[in-house]
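Engineer: Can you keep this structure in mind? I'll have questions shortly.
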Amino acid sequence: MGELREPLRELIDCGLPQALEVMGERWSFMILRASFNGLKHFEEFLSELGIARNILSNRLAKLVEHGILKREPCADDRRKIEYRLTEKGFDLLPAMVALRQWGQKYGSDFVNEDPVLVDVRDRLPVGPVSMLAHDGRILGHEDLWLVKRDDLGKRADGTVARAGEALGTGDIVDIDAAKKRAAG
Numbered sequence: 001m002g003e004l005r006e007p008l009r010e011l012i013d014c015g016l017p018q019a020l021e022v023m024g025e026r027w028s029f030m031i032l033r034a035s036f037n038g039l040k041h042f043e044e045f046l047s048e049l050g051i052a053r054n055i056l057s058n059r060l061a062k063l064v065e066h067g068i069l070k071r072e073p074c075a076d077d078r079r080k081i082e083y084r085l086t087e088k089g090f091d092l093l094p095a096m097v098a099l100r101q102w103g104q105k106y107g108s109d110f111v112n113e114d115p116v117l118v119d120v121r122d123r124l125p126v127g128p129v130s131m132l133a134h135d136g137r138i139l140g141h142e143d144l145w146l147v148k149r150d151d152l153g154k155r156a157d158g159t160v161a162r163a164g165e166a167l168g169t170g171d172i173v174d175i176d177a178a179k180k181r182a183a184g
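Put into structure tokens, the structure is as follows:
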């Protein structure tokens, strides 16, 4: 990934160690998965996941502390508490789907999951989670390079790239136009 290397001993200036500090163990991911599947109550998590009560309590508290879940009174019984995903929690969905797809591809046995994760419009399986360039190109590991922040946009040939508009949810990339831009 280039001539620069990340300072691997620096745990503060990198998002990965920070994310692993919050999510870096199995039960946190399983609770998050259950939340994406609509579970909201302590007893639901307890019975569906088969997790020990003290571990569940600890992991829920940690996810709330880090703003991934929020505690809210139940609408129909204000004495009960619901755990609901926050925007920060929903932002973990691509990582969760990527890990799921990786597990399906490289798990010890072929995984034929049912139900299947599909997009709501076409009801066809979601494609592989991918890394996208600013203009929608799908990137592979050979397309990645580390640069100093001051060198963003400076190409190897000396020209300067300008970022286009960011892609948003539901945007469709014109593949043919992107290929023409890349070629020309």
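Numbering follows this note's numbering, in which position 168 of the sequence shown is assigned residue number 168; successive positions increment by one, without gaps. Ideal Cβ positions, reconstructed from N, Cα and C, are used throughout, including at glycine.
Assuming isoleucine 55 contacts glycine 89 (C-beta within less than 8 Å), just tell me the rounded distance between them.
Structural biologist: In fact, because the Cβ distance is near 19 Å, the residues do not count as touching under 8 Å.
Engineer: Identify, in the order they occur along the chain, each residue of the same chain with its Cβ nearer than 8 Å to the Cβ of proline 94, setting aside the five sequence neighbours on each side.
Structural biologist: Excluding sequence neighbours, proline 94 sits near Val129.
Engineer: First and last residue of the beta strand (DSSP E) that includes glutamate 82?
Structural biologist: Note, glutamate 82: beta strand (DSSP E), 81-85.
Engineer: Opposite arginine 71 in the DSSP bridges: which residues?
Structural biologist: DSSP output for arginine 71 lists Tyr83 as bridge partner(s).
Engineer: Considering only residues of the segment 85-131, which uninterrupted alpha helix (DSSP H) runs meet the minimum length of 4 residues and lie entirely inside it, listed in chain order?
Structural biologist: Those alpha helix (DSSP H) runs which fall completely within the segment 85-131 and span 4+ residues are 87-90 and 93-106.
Engineer: Are the Cβ atoms of phenylalanine 42 and alanine 34 separated by less than 7 Å?
Structural biologist: Cβ atoms of phenylalanine 42 and alanine 34: not closer than 7 Å.
Engineer: Give the C-beta separation of valine 97 and leucine 117 to the nearest angstrom, bearing in mind that I take them to be a contact with Cβ-Cβ under 8 Å.
Structural biologist: Right, the Cβ-Cβ distance comes to about 7 Å (below 8 Å), so this counts as a contact.
Engineer: What are the boundary residues of the alpha helix (DSSP H) that isoleucine 31 is part of?
Structural biologist: Looking at the DSSP string, the run of the alpha helix (DSSP H) that includes isoleucine 31 is 26-36.
Engineer: Whole angstroms are fine: how far does the CA of alanine 52 sit from the CA of histidine 141?
Structural biologist: In a straight line, the C-alpha of histidine 141 is about 39 Å away from that of alanine 52.
Engineer: Starting from isoleucine 138, follow its DSSP beta bridges and name the residues at the other end.
Structural biologist: The partner list for isoleucine 138 (beta bridge, DSSP) reads Leu132.
Engineer: Leaving out five residues on either side along the sequence, give the residues of the same chain with a beta carbon under 8 Å from the beta carbon of glutamate 48.
Structural biologist: Ala34 and Leu39.
Engineer: With the cut-off set at 7 Å, would you say glutamate 65 and cysteine 74 are in Cβ contact?
Structural biologist: Cβ atoms of glutamate 65 and cysteine 74: not closer than 7 Å.
Engineer: Using CA coordinates, which residue listed in Gln104, Lys148, Leu146 and His134 is at the minimum distance from glycine 127?
Structural biologist: Nearest C-alpha to glycine 127: Gln104.
Engineer: At which residues does the alpha helix (DSSP H) containing alanine 19 begin and terminate?
Structural biologist: Taken as a continuous stretch (DSSP letters only), the alpha helix (DSSP H) holding alanine 19 covers 15-23.
Engineer: Roughly how many angstroms lie between the CA atoms of lysine 62 and methionine 30, to the nearest whole one?
Structural biologist: Each residue's alpha carbon lies about 14 Å from the other.
Engineer: With distances taken between CB atoms, is the gap from glycine 136 to leucine 92 smaller than 7 Å?
Structural biologist: Result no, Cβ atoms of glycine 136 and leucine 92 do not sit closer than 7 Å.
Engineer: Does DSSP classify lysine 40 as helix, strand or coil?
Structural biologist: Reduced to three states, the DSSP call for lysine 40 is coil.
Engineer: Valine 147 by DSSP, collapsed to three states: which one?
Structural biologist: Residue state, collapsed to three classes: coil.
Engineer: Please report the distance separating the alpha-carbon of histidine 134 from that of aspartate 122.
Structural biologist: Those two C-alpha atoms are separated by around 26 Å.
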